[in-house]
Amino acid sequence: MSQNKPTPPRTILFATIFSKLKKVLTYEPANKPKPFILEEKMNEAAETNIEDSQLKPKSLVKKTTLKHLVSQAERTLEYSKDAASYLEVLKKEIIKTKTKEDRKSILKKINYTSSNLKKIKNSITQPLTSFDNSLPAEKRSVSTSLSENKELLRNLYHLPLNTNLILHDFVIKGEIPLKATLVFFDGLINKEIINTSIIEPLTRGKNTLLTENFFPENNAPTQAALSILPSHITKKIDSINDVLSAINIGDSVLFIENSSEAIIVETKGSEHRSIERAQVEQSIRGSQAAFVELLDVNIGMMRNRMPTNDLISETLPIGDRIPTTCSIMYLKSLANEQIVAEVRRRLQGVRTDFVADLGMVEQFIEDQKTIFMPKTLQTERPDRVASYLAEGRIALFLNGSPFAMIIPVSFFTFFQFIEDYSMKLPTATFTRILRLSGMFIATLLPGIYISLVYFHQETLPTNLLIAIVNARQNIPFPAIVEILIMEIAFELIREAGLRVPGLLGATISIVGAIIIGQAAVTAKLVSQIIVVLIAITGLASFTIPEYRMATTLSLIRFAFLFFGYFAGFVGIGMGLFLFTMYLCYIKSFGISYMAPLGAKTFLGSDLFIRNPVYNQELRPDFINAKDKRRQPHISRTWEHEEPVNRKK
Amino acid sequence: MSTLKLSRMGLTDGIILIVFLSISRFFLITSTEAIKLSAGLAWYLYLISTLVTLIIGLALINILKNFEGDLLAMTERLLGKSWFYIIGIYYALLFLSNCTVLTRKFSENIAQVGFRDIDIIVVIFLYVLIMSISTYFGIEVLARGAYLLIPFIIFLTAFILVLIIPLFNVHNLAPWQGTGIGNVTLYGMASAGANSGVIIIAILAPSFQDFITKAKSVFYGSIIGGLYKMTCITTILLAIGVERSKEMLIPFYELASLAYFDKSFQRFEDLTVFLWIFVGLISIGVSAWVTLYLVARMLKLSDIKPLIPLLSIIVFSTATFAENALSIIDFDLGFLKIYHGLSMYVFPIILLFMFYKQKLKLLFKKNSAV
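Chains as they are written, first to last, in the working numbering: chain A, 2 to 649; chain B, 51 to 420.
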């Protein structure tokens, strides 16, 4: 009776308040591991950890299975000894033979012996397959039985539901013809490679190897096929997991009867977007190419741009159910190993079904997850990635994303652009200062206007004050509502312009802005001065080269608008103070977000003023690259040499 | 030993913390008080107080280099456990009072200029709220933030001072000897307590890399802070004159109100609000953090964060305790002047004396053994 009585809401409320209060009063610091903060001095701990983790054996095999394997090995040894003794006997008898009858009797003996050996061989391989069968399908080895392999793949890919997986059966010609199956995904492969480099050589060419090896060793069929196939696109594998990975990324896998190994043939050739001009980060003087959705193409573009063996590109899958290949790219001689190891650790520690975009990866691996400022830079330009890699930073690529993620970054990285390096000091510095001013305008202008109108009218020049008063005379709304109307309209136009495809989007942006602005003034919803103000604010926000940073600052603009509305300069000042503290609190992969200003490190000559390239001798200090020097003190050495026509 | 971990700080952080703690009171009534005491020689008063700060600060850092740890650890080694607590409590109260008085005085100024219709309690509440948030972020973030905000402070100050130049009258500095060099020297020495923020380097000593960093922090921090105050006070004297300056209640604001560029650009006094907010909030935040650090250090606590709400309540209550602005000014100029003075003179000198006494003892022992 009373047991079923629901707890009254007041009791729940009381309990909640009590538990919260208790939590505050009995506060204990969370027992979390220390956050990653990059140390100035390199220690070898990180290196040792990586090596340890790499060397660590996978304890998949239990003790019992180990015993089983040992017994198998013993049997294999016996089999080899038997085979060797039989061969020795046969050799002696062949030498003795003189007549046809002798040869016939020897042939009989050979057939008898080979059938015996086959039986022994099967007795060895059979238990291994049965042992494998108890493991999950992905962890099994390739079976010597072709039909078993095919059955396994059919089950794993849910055939016939999955119509794209092709299992093409054929026979490899030779003295002893071998059954083979080529497995691939239709739509992911290059059909021409399949036909000309795999099917044709294997079916039309004659396999001499098989006739010579009368007693084929376990993987002789694989060797025979490999000798026919082009060697640079093939690779032997023996685990089903590797088979699945290869098929999933567009390679083909060749299974051959009686072979416990399969052959991966590189046949990737899915349709993809060709390399096009950068759409988001357009540049006038820099390179025009942009990344595409295919990881291999993107890595190829980077290798093409940075042809050095120092460029490392580690790949690892992210996503437990649907693994997506991610690549960590860095220059071995420059990138700080602690950061590389930390990035690798974080990526390996991501547990999720699927990651669709680099933005998702960022959220999984960033420091201080609740902070909304972008802590990595995403770019679609290979030249920009190359310049950051050359500074000692790290780039992350994800298959399916036409962007690269640069880590670590500071707040000021978002206001640098590749074009700055192509220009001379005055123009590059001017552009950079313009962008930073754009940042301040985009964030503060509406808030400052509201503060001036509501709290600090005396600061405005009299003429301007009169102009504002006159413009606002017939407007029915207070200034804050005017600004909000225009701000929201502007954001709507911007978003619509982005979503509507092609030229229509740009047209909507421009026409929409003009028409809405004009109509709003005519309808006396807003004053002209507000239209001008919002237009300047919008233009300023477009000068920020990184889209995510521009969007974040737009959001912060609203906060400053309300600070200004509620408390004038006091509100703006307090907001600025808090925002500055907040920025100083953020870390990007252990590096202070406001570096090189706060924490103060060597400023270099690439922050507000962008010095000529020949003066930029050192890399950014806060990245802690292995080699701090970019170029010698005298980089224009020719100036210290005799001109060609004066050389003796 | 407290398990509270201090973050690493560098030379810039050290300098900036000292500069902000030493200039914060300049924006309040203390500059008027300095003019009252020394007339045309107010700059000299600041010079003397800066030199005294420099000497004491460097002496303290110099003896600290012979010990591992911070000021309290050194005190424990030299004077014993009870002095560890006495000095710890004394300096914790010093920073707490600094925090409270600055909160109240900056709130008064803000309310007077920016929030004329709003109750002072609301402004104090805002200040305390932001103080809590910045204390949560920690001393490292406060120092870095201060470094980022200093260009705005320098720009705003320089902007106002440059626009004041047309109003300069050299005769305003007369009488040249102020209230007498001897008197002003004594006043300067007495007012060195206003720069007691320099002690922060000794309190946070383990944060700094080495002796050189600490010594340079004290040196440059005191010099920059002193130069800032001397420049500003000289500008006030040159533009306004001694007699009128003595009547100023919000000196820098009143100075800024005289700045004039042309008919389109004038009335810049509201910009001083930004100065008060940046300088005030950083000084208050740093003082609050150091108070909590000292408490955590004495009570061997592993984190200061749970103490932040408690400190906020204390600061809010004590800041609203004074009836009006004048009573808090009187309190600051009276009791706190002595309290801050003691912190600058008495304890460092005791420590210095004890250190050299022990050193002499050791030397004597060595000689007698030989």
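Just so you know, even glycine gets a beta-carbon here, dropped at the ideal spot from N, CA and C.
Out of curiosity, what's the CA-to-CA distance linking residue i and residue j?
i        : j        : result
Thr523/A : Phe543/A : 27 Å
Gly569/A : Met348/B : 42 Å
Ala208/B : Leu453/A : 22 Å
Leu108/B : Pro398/B : 11 Å
Val345/B : Thr150/B : 16 Å
Arg253/B : Gln458/A : According to the sequence as given, residue 253/B is Ile; it is not Arg. If you take the alpha carbons of Ile253/B and Gln458/A, they lie about 45 Å apart.
Glu52/A  : Ile189/B : A caution first: Glu52/A carries a pLDDT of 41, below 50, which makes its placement in the model too unreliable to give a value.
Ala161/B : Asp169/B : 8 Å
Ile274/B : Ile68/B  : 9 Å
Trp339/B : Leu461/A : 39 Å
Gly330/B : Cys585/A : 18 Å
Asn310/A : Glu294/A : 24 Å
Gly230/B : Ala240/B : 15 Å
Ile96/A  : Ala74/A  : 33 Å
Ile265/A : Ala181/A : 13 Å
Arg473/A : Thr432/A : 35 Å
Ala357/A : Arg558/A : 30 Å
Pick helix, strand or coil for residue i, following the three-state DSSP scheme.
i        : result
Val527/A : coil
Leu110/B : helix
Ala290/A : strand
Tyr310/B : strand
Ile476/A : coil
Met2/A   : Because the pLDDT of Met2/A is 44, which lies under 50, any placement of that residue in the model is unreliable, and the number read from its coordinates should be weighed accordingly. Looking at Met2/A - three-state DSSP - the assignment turns out to be coil, as it is neither helix nor strand.
Lys627/A : coil
Lys588/A : strand
Tyr594/A : coil
Leu608/A : coil
Lys23/A  : helix
Ala279/A : coil
Ser240/A : strand
Gln417/A : coil
Ile286/B : helix
Phe397/B : helix
Pro222/A : helix
Asp321/A : coil
Tyr28/A  : coil
Should residue i be flagged as near chain E, meaning a C-beta pair shorter than 8 Å?
i       : result
Thr62/B : The displayed structure is made up of protein chains A and B, and chain E is not among them.
Within 10 angstroms of its Cβ, does residue i collect 16 or more other Cβ (buried), or is it exposed?
i        : result
Ala85/A  : exposed
Arg194/B : buried
Ile332/B : buried
Ala541/A : buried
Pro383/A : buried
Lys427/B : Examination of residue 427/B is not possible in this model, given that chain B is present from 51 through 420 alone.
Tyr583/A : buried
Asp380/B : exposed
Arg141/A : buried
Which residues in the same chain have their Cβ closer than 6 Å to the Cβ of residue i, if we skip the five residues on either side of it in sequence?
i        : result
Arg549/A : Pro375
Phe398/A : Leu296, Asn299, Ser328, Ala405
Glu304/B : Met298
Please determine whether the Cβ atom of residue i lies at a distance below 7 Å from any heavy atom of the ligand SAH.
i        : result
Ile557/A : In the structure shown, the ligand SAH is absent, as is every other ligand, since no ligand is present at all.
Using C-beta distances below 8 Å, list every residue in its chain close to residue i, excluding the 5 sequence neighbours before and after it, in chain order.
i        : result
Arg345/A : Ile51, Glu315, Leu317, Ile329
Phe186/A : Asn165, Leu166, Ile167, Ile248, Asn249, Gly251
Glu381/A : Ala279, Gln280, Val281, Glu282, Ala291, Phe292, Pro403, Phe404, Ala405
Leu376/B : none
Arg352/A : Asp321
Glu618/A : Arg630, Arg631, Gln632, Pro633, His634, Ser636
Cutting at 7 Å between CB atoms, please list the residues of its own chain near residue i, excluding the five before and the five after it.
i        : result
Ile451/A : Ala480, Ile481, Ile484, Leu562, Gly565, Tyr566
Ala58/B  : According to the sequence provided, residue 58/B is Arg. The question's Ala does not apply to it. Same-chain partners within the cutoff: Ser257.
Which whole-angstrom value is the C-beta distance of residue i and residue j, which I expect to be below 8 Å?
i        : j        : result
Thr185/B : Leu342/B : 7 Å
Ile545/A : Arg436/A : 7 Å
Phe324/B : Lys115/B : Rounded, the Cβ-Cβ distance is 39 Å, inconsistent with contact.
Ile137/B : Leu122/B : 7 Å
Ala226/A : Ile313/A : The Cβ separation is near 33 Å, so there is no contact.
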